[in-house]
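J.: Numbering (this note's numbering), first residue to last: 29 to 168.
#1: Taking residue 72 as part of the beta strand (DSSP E), name the residues at either end of that continuous run.
#2: Nearest to residue 152 by CA position, among 62, 97, 85, is which residue?
#3: On the DSSP letters alone, give me the boundaries of the beta strand (DSSP E) that residue 114 sits inside.
#4: Measuring CB to CB, does residue 80 end up less than 8 Å from residue 165?
#5: Considering residue 151, what are the terminal residues of the beta strand (DSSP E) in which it resides?
#6: Give a yes or no on whether the C-beta atoms belonging to residue 120 and residue 146 are separated by under 8 Å.
#7: Apply the 10 Å Cβ neighbour rule to residue 84 and answer buried if 16 or more other Cβ atoms are within range, or exposed otherwise.
#8: Rounded to whole angstroms, what is the Cα-Cα separation between residue 63 and residue 117?
#9: Just to confirm before moving on: does the CB-CB distance between residue 114 and residue 135 stay below 8 Å?
#10: CB residue 125 to CB residue 88, shorter than 8 Å?
Here it is in structure tokens:
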């Protein structure tokens, strides 16, 4: 269990804690601790739209927290066999939102076939790397 409470794990700001301890003889100790949490970053949402994709696919990943403006976000699309079809960086659009569009062409410039594809988004910044996957369809 998180003894600091859920707010301490995903919200930046100043936190004041009061700690009360007592031993078996009834002796009591009271202390106050302050902590400043800055730069906390969490993923808010990610997605592919439209799905099924017909002319293009837009990949979006959004984050909460002050560190979310200095992220590096990469998208990789794989076909059902696991082969890489395309990869691209996502551009920061403001307010922690990163986005890119895909023209449904492979790395050689050829149109991809109808079917199921897998998007992998990787985000790195000040904290640990975040990796998420989602499947989507291409149907012309």
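Every residue, glycine too, gets a C-beta built ideally from N, C-alpha and C.
T.: So, to answer that:
#1: 70–77
#2: 97
#3: 112–117
#4: yes
#5: Residues 143–152.
#6: no
#7: exposed
#8: 35 Å
#9: yes
#10: yes
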